[in-house]
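Before any comments, here is the structure.
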Amino acid sequence: MSNSTFNSATDVSYLEYQGKHKGLAGWLLSVDHKRIALLYLFSVLSFFLVGLTFGFLMRLELIAPGRTIMDPQTYNSFFTLHGIIMIFLFVVPGLPAIFGNFFLPLVLGAPDVAFPRLNLLSWYLYIIGGAVALISVFLPGGPVDTGWTFYVPYSVRTNTNVIPAMVGAFILGFSSIVTGLNFVVTIHRMRAKGMTFFRMPLFSWSLYATSWIQVLATPIIGITLIMVIFERVFKVGIFDPTLGGDPVLYQHLFWIYSHPAVYIMILPAMGVISEIIPVFSRKTIFGYKFIAFSSLGIAFFGSLVWAHHMFTSGMSTTASIIFSLLTFLVAIPSAVKVFNWVATLYKGSISLEPPMLYALAFIFLFSIGGFTGLIQGALSVDLHIHDTSFIVAHFHYVMFGGTGFGIFAGLHYWFPKMFGRKYNLKVATGAFWALFVGFNLLYFPMFIMGWLGMPRRYYDYLPEFTIYHQISTYGSWILVTAVLVMFGNFLSAIRKGEKTSEPNTWGGTTLEWETTTPPPLLNFKEAPVVTGEPYHYGDAAESAGKEAK
Amino acid sequence: MFSETTYVQQVDNAMIFITAVSAVLLIVITALMIYFVIRYNRKRHPIAVQIEGNTKLEIAWTVIPIIIVMVMFWYGYIGYDTIMNPPADAYKIQVTGKMWVWEFNYPNGIKSDTLFVPYGKPIQCDLKSLDVNHSFYIPALRFKKDVMANRPTKVWFQPEKVGSYDIACAEYCGLNHWNMYTKLVVMPQADYDKWYAAELELQKPTVATTATAEPTK
Numbered sequence: 002m003s004n005s006t007f008n009s010a011t012d013v014s015y016l017e018y019q020g021k022h023k024g025l026a027g028w029l030l031s032v033d034h035k036r037i038a039l040l041y042l043f044s045v046l047s048f049f050l051v052g053l054t055f056g057f058l059m060r061l062e063l064i065a066p067g068r069t070i071m072d073p074q075t076y077n078s079f080f081t082l083h084g085i086i087m088i089f090l091f092v093v094p095g096l097p098a099i100f101g102n103f104f105l106p107l108v109l110g111a112p113d114v115a116f117p118r119l120n121l122l123s124w125y126l127y128i129i130g131g132a133v134a135l136i137s138v139f140l141p142g143g144p145v146d147t148g149w150t151f152y153v154p155y156s157v158r159t160n161t162n163v164i165p166a167m168v169g170a171f172i173l174g175f176s177s178i179v180t181g182l183n184f185v186v187t188i189h190r191m192r193a194k195g196m197t198f199f200r201m202p203l204f205s206w207s208l209y210a211t212s213w214i215q216v217l218a219t220p221i222i223g224i225t226l227i228m229v230i231f232e233r234v235f236k237v238g239i240f241d242p243t244l245g246g247d248p249v250l251y252q253h254l255f256w257i258y259s260h261p262a263v264y265i266m267i268l269p270a271m272g273v274i275s276e277i278i279p280v281f282s283r284k285t286i287f288g289y290k291f292i293a294f295s296s297l298g299i300a301f302f303g304s305l306v307w308a309h310h311m312f313t314s315g316m317s318t319t320a321s322i323i324f325s326l327l328t329f330l331v332a333i334p335s336a337v338k339v340f341n342w343v344a345t346l347y348k349g350s351i352s353l354e355p356p357m358l359y360a361l362a363f364i365f366l367f368s369i370g371g372f373t374g375l376i377q378g379a380l381s382v383d384l385h386i387h388d389t390s391f392i393v394a395h396f397h398y399v400m401f402g403g404t405g406f407g408i409f410a411g412l413h414y415w416f417p418k419m420f421g422r423k424y425n426l427k428v429a430t431g432a433f434w435a436l437f438v439g440f441n442l443l444y445f446p447m448f449i450m451g452w453l454g455m456p457r458r459y460y461d462y463l464p465e466f467t468i469y470h471q472i473s474t475y476g477s478w479i480l481v482t483a484v485l486v487m488f489g490n491f492l493s494a495i496r497k498g499e500k501t502s503e504p505n506t507w508g509g510t511t512l513e514w515e516t517t518t519p520p521p522l523l524n525f526k527e528a529p530v531v532t533g534e535p536y537h538y539g540d541a542a543e544s545a546g547k548e549a550k
Numbered sequence: 097m098f099s100e101t102t103y104v105q106q107v108d109n110a111m112i113f114i115t116a117v118s119a120v121l122l123i124v125i126t127a128l129m130i131y132f133v134i135r136y137n138r139k140r141h142p143i144a145v146q147i148e149g150n151t152k153l154e155i156a157w158t159v160i161p162i163i164i165v166m167v168m169f170w171y172g173y174i175g176y177d178t179i180m181n182p183p184a185d186a187y188k189i190q191v192t193g194k195m196w197v198w199e200f201n202y203p204n205g206i207k208s209d210t211l212f213v214p215y216g217k218p219i220q221c222d223l224k225s226l227d228v229n230h231s232f233y234i235p236a237l238r239f240k241k242d243v244m245a246n247r248p249t250k251v252w253f254q255p256e257k258v259g260s261y262d263i264a265c266a267e268y269c270g271l272n273h274w275n276m277y278t279k280l281v282v283m284p285q286a287d288y289d290k291w292y293a294a295e296l297e298l299q300k301p302t303v304a305t306t307a308t309a310e311p312t313k
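So the protein sequences, as listed, match chains Y and S. Following the working numbering, the numbering of the first sequence begins with 2 at its first residue and continues without gaps. Following the working numbering, the numbering of the second sequence begins with 97 at its first residue and continues without gaps.
So this is what it looks like as structure tokens:
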């Protein structure tokens, strides 16, 4: 690298930097982790809007019993596409690929991720996988209608486009593996001088745990999907009982990936919350090591609880007992995190800007998701509420109230650093409250319906469930409006928001706040040297000594 | 201690116990958050007090939740143990799921599309599917069990009241999954015997052929 490029690589921001390629190619061929993160940001959020539209239309269909706006086949495809898009294209890649890409090197004090080219490849895999999944909607045969879980034997028998959807998910899996691999190596090899593992910000810890699950668990879903494709094409007889296969085996293989995937989705969000709470409390995080190790605990135990999705499948009592016990135990590290976050607020100096509002809402909504997870973990209760709207409510509280709010928290927290612009705080706060109210109206009635016996994936329902469905649909209108206002606020900030070069928007203490805003191509003018803990406010050592007693 | 309770009560007890404990914990967590946010608001409390952690507290809020969730597990296990062990004298009915109807076959060979059972007897349903996976779900009785081809499953129950209850399919099975509803009708033994005899008379020709082809165990 010549001296002149080096200078421009640290003097101008990554948004203005002119590399080998100009214009659009400067983005599509850039191996800068920050530009790739923005590619992900816009593609992931676009897919989110598509998924949101499917969800919105499903809720509209369910506003009254009987046919409202679509036929059952369309409805079945909609909930399948909603699931596939939200899981594989929004929640799984959301935090690692957007904020992990942008901020992992920054918080570690590194100039980039370990394998920048592989990083760009992962975005292309993501786009190809997403495109294949979307194209399958328009191919003859009709959009896939199996549910995002692709349960055999239905997925072997339906005439809809199962194979293209599975190929899409397969390719997306590789994108996820590549990102995970990249982050594991980055964390091991690229930390700034003096940054030991225990001086890493907790966001990196959560990404570290996530990345290992991505690398280890994702291949299993890839292999499983390939086996289903073989089953469809060659009638092999692995899963289809009429060919001598075992449908429960499919469920085991599917959930061996897809349950750990839940932790791929939630762990990085927990990492974001662990960053935001100390900054807006002006206080060092409570129980740093416990939060860090609880991430690893979740990653480990989370890999051993998959069969709690299968208590009704006729699995042996022994297996059910083991998986129920482990399910209850995996709640503990999550609980430890929640307690530590709340303890961090104690005697802090708290300000409620939008990122903090999202973080606090995360704790509340994720707690509801977690507690209702305990209800389902109980064997007998699960026999009743399994595959009802109770489950739908539960995983939306965890995945949307948790990960979704985590993504929005991260977006509000890091937006000024990413774009060098300010968004309108009042609009953001208003959108937050609307989102919070809409969210609870939308999903809470589903707990009640589920307990009363409303099965999920139902195009229509018995008249006694009408009131809950109606409230839920009204909630969806508020929620969708709030999301659009939030995104509109960001878009207008990107286009004409007040420029800011303030390096430290919120008074953070981690390394991303030490470099200029927006950061230069190589992130830091001089390679940072770390001498202490990541969340160092005031004279921590002295007052901690007094208070810990 | 629990042997006197029915399965439905066991499920409800587990649900109530877990929900109550969870609600208390959620309220405590939320109340603390709100209190801290107000009490330690930056205007009122401009300088934060730095606290790095407290190992005793960490141990406490690790160990106590472990004990709580183990009790929750036990509550859930009680009911599961009940429903996994049908009494030997249970009255056996074959339940067949296919896209998108249920069929019920009784010991003497008759069949129906509504599940009729006598009051006061434990009933065992042997479940099988003729096509894709279904799940045999009776919300009022708090259970469902997956129904698969070539992989028999079973479930049992003892109706507590005479009456009619919804049966739904709880495993997505395609186009009309949402409409795979039928009824469980619990009748006094005398009424049931009457219905049973009448059905036998009506279905005699078909019963004779199926009975020879497929003798009931």
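Positions of the beta carbon are idealized from the N, C-alpha and C atoms, including for glycine.
| query | result |
| --- | --- |
| Are the CB atoms of THR285 (chain Y) and GLU154 (chain S) nearer to each other than 7 Å? | no |
| Which residues mark the beginning and the end of the beta strand (DSSP E) in which GLN220 (chain S) is found? | 219-225 |
| Nearest CA to the CA of PRO310 (chain Y): which residue from Y:HIS385, Y:LEU297, Y:PHE294? | In the sequence as displayed, the identity of residue 310 (chain Y) is His instead of Pro. For the residues Y:HIS385, Y:LEU297, Y:PHE294, the minimum Cα distance to HIS310 (chain Y) belongs to Y:HIS385. |
| So for HIS22 (chain Y), helix, strand or coil by DSSP? | coil |
| Along chain Y, which residues have their Cβ under 7 Å away from the Cβ of MET180 (chain S)? | THR318 |
| Compare the C-alpha of THR373 (chain Y) against each of S:ALA116, S:ASN201, S:MET276, S:GLN106 and name the closest. | S:ALA116 |
| Enumerate in chain order the residues of its own chain whose CB-to-CB distance from THR197 (chain Y) is below 6 Å, with the five nearest sequence positions on each side excluded. | none |
| For a contact meaning CB atoms closer than 8 Å, what does GLY476 (chain Y) contact in chain S? | The contacting residues do not exist; GLY476 (chain Y) stays about 20 Å from chain S at best. |
| What residue range does the alpha helix (DSSP H) around LYS290 (chain Y) cover? | 289-303 |
| Could you tell me which chain S residues have their CB closer than 7 Å to the CB of ILE471 (chain Y), listed as they occur along the chain? | According to the sequence displayed, residue 471 (chain Y) carries Gln and not Ile. Neighbours of GLN471 (chain Y) on chain S: none; closest Cβ ~18 Å, over 7 Å. |
| Anything in chain S within Cβ reach of PRO535 (chain Y), meaning under 8 Å, just list it in chain order. | Going along chain S, no residue has its Cβ under 8 Å from PRO535 (chain Y), so there is no contact; the nearest lies around 12 Å. |
| In this structure, what does DSSP give as the bridge partners for GLY259 (chain S)? | S:VAL282 |
| Which of the three DSSP states, helix, strand or coil, is assigned to ALA264 (chain S)? | strand |
| Would you grab the beta carbon distance between SER325 (chain Y) and GLY172 (chain S) for me? Rounded to a whole angstrom, and I think it's under 8 Å. | 6 Å |
| Measuring alpha carbon to alpha carbon, tell me which of S:LEU223, S:ALA293, S:VAL167, S:ILE234 ends up nearest ALA379 (chain Y). | S:VAL167 |
| Are the beta-carbon atoms of PHE1 (chain Y) and VAL165 (chain S) separated by less than 7 Å? | Any answer about residue 1 (chain Y) is impossible in this case: the structure gives chain Y only from 2 up to 550. |
| Considering only DSSP beta bridges, list what ASN275 (chain S) is partnered with. | DSSP, once it has assigned bridges, lists no residue as partnering ASN275 (chain S). |
| Under 8 Å by Cβ, that's how I've got TYR209 (chain Y) and VAL185 (chain Y) pegged, so tell me the actual separation to the nearest angstrom. | 7 Å |
| Can the beta-carbon of VAL145 (chain Y) be found closer than 7 Å to that of ALA166 (chain Y)? | yes |
| Can a CB atom of chain S be found closer than 7 Å to the CB of GLN74 (chain Y)? | yes |
| Check TYR187 (chain S) in the structure and name its three-state DSSP category. | strand |
| For the beta strand (DSSP E) that TRP252 (chain S) lies in, which residues bound it at each end? | 249-253 |
| Determine the closest residue to LEU436 (chain Y) out of Y:GLY533, Y:PHE488, Y:ARG68, with distance taken between C-alpha atoms. | Y:PHE488 |
| Relative to the alpha-carbon of THR474 (chain Y), which residue among Y:PRO66, Y:VAL51, Y:LYS35 has its alpha-carbon at the smallest distance? | Y:PRO66 |
| Since MET244 (chain S) sits in a beta bridge, which residues does DSSP pair it with? | S:ARG247 |
| To the nearest angstrom, how far is the alpha carbon of VAL114 (chain Y) from that of SER381 (chain Y)? | 47 Å |
| Just curious, the alpha helix (DSSP H) that HIS230 (chain S) is in, first and last residue? | Taken as a continuous stretch (DSSP letters only), HIS230 (chain S) belongs to no alpha helix (DSSP H), being part of the beta strand (DSSP E) at 230-234. |
| Once DSSP output is grouped into helix, strand and coil, what is the label at PHE239 (chain S)? | strand |
| Check the C-beta distance from THR192 (chain S) over to GLY315 (chain Y) and give it rounded, since I have them as a contact under 8 Å. | Between GLY315 (chain Y) and THR192 (chain S) the Cβ distance is about 16 Å, and since that is not below 8 Å, they are no contact. |
| Contact criterion: CB-CB distance below 7 Å. Does TYR264 (chain Y) meet it with respect to chain S? | no |
| Between the Cα of HIS273 (chain S) and the Cα atoms of S:GLY216, S:ASP287, S:TRP196, which residue gives the shortest distance? | S:TRP196 |
| For the beta strand (DSSP E) holding ASN524 (chain Y), just list the boundary residues, first then last. | Neither: ASN524 (chain Y) is in no beta strand (DSSP E) and is coded neither H nor E. |
| In chain S, which residues lie with their C-beta within 9 Å of the C-beta of LYS236 (chain Y)? | Correct list: empty, because the minimum Cβ distance to chain S is about 15 Å. |
| What three-state label does DSSP hand LEU105 (chain Y) in the structure shown? | helix |
| Which residues of chain S have a Cβ atom closer than 7 Å to the Cβ of GLY148 (chain Y), listed in chain order? | TYR268 |
| So, does the stretch 179-188 of chain S touch the stretch 200-218 of chain S, judging by three or more C-beta pairs under 8 Å? | yes |
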